[in-house]
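Q: Our numbering puts the sequence shown at residues 5 to 145.
Backbone N, C-alpha and C define an ideal beta-carbon position, used for all residues, glycine too.
My structure is below; once you've seen it, I'll send some questions.
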Amino acid sequence: RKSNESPFVMTGPLIALAVLATLGGFAFFARNFVALPIEKEVGALVPVLAIGVLILGSGLAIAFYRNRTSEPFDIALLRHKFYFDDLYAWLIDWTQELLARIAAFFDRWIILFASIRVIRGRKLFRSEQMARQTILTKVFR
């Protein structure tokens, strides 16, 4: 299968968020938006290390996966996407499907049965009322 790239409508906001999240760790950028506590020295080590690890990890991923047509590791757990699809299908079967079956039973056997009884009762009442009215009109004519 060939994977299709996401359109810019999806990747554009993600890129903007990634840039802001990357810059947000630096004090020179964060102090424009957040009241930082007064400090004697600005610790730039953690943001610099984070950016370094980001660049190193991205570079290794690009070098490792560039021009690959298949996955280099054939691990069942990865091939089955950590079995999330199976877990999701099982969860849907035991929650949504069970609830739908209960609702269908209630609808078919309780509500439908009760409404048929009510409709028949109304028809019976109307027919008896009609009979009484017919008899009364014949008697008092």
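Determine the burial state of P41: buried for a count of at least 16 other Cβ atoms within 10 Å of its Cβ, exposed for fewer.
A: With fewer than 16 Cβ atoms within 10 Å of its Cβ, P41 is classed as exposed.
Q: Are the region 56 to 70 and the region 83 to 99 in contact at 8 Å, needing three or more beta carbon pairs?
A: no
Q: From which residue to which residue does the alpha helix (DSSP H) around W94 run?
A: F88 to I96
Q: Pull up the CB-CB distance for G28 and A20, whole angstroms please, since I reckon it's below 8 Å.
A: The pair is not a contact, with the Cβ atoms about 12 Å apart (cut-off 8 Å).
Q: Please state if the CB of G47 and the CB of A31 are separated by a distance shorter than 9 Å.
A: yes
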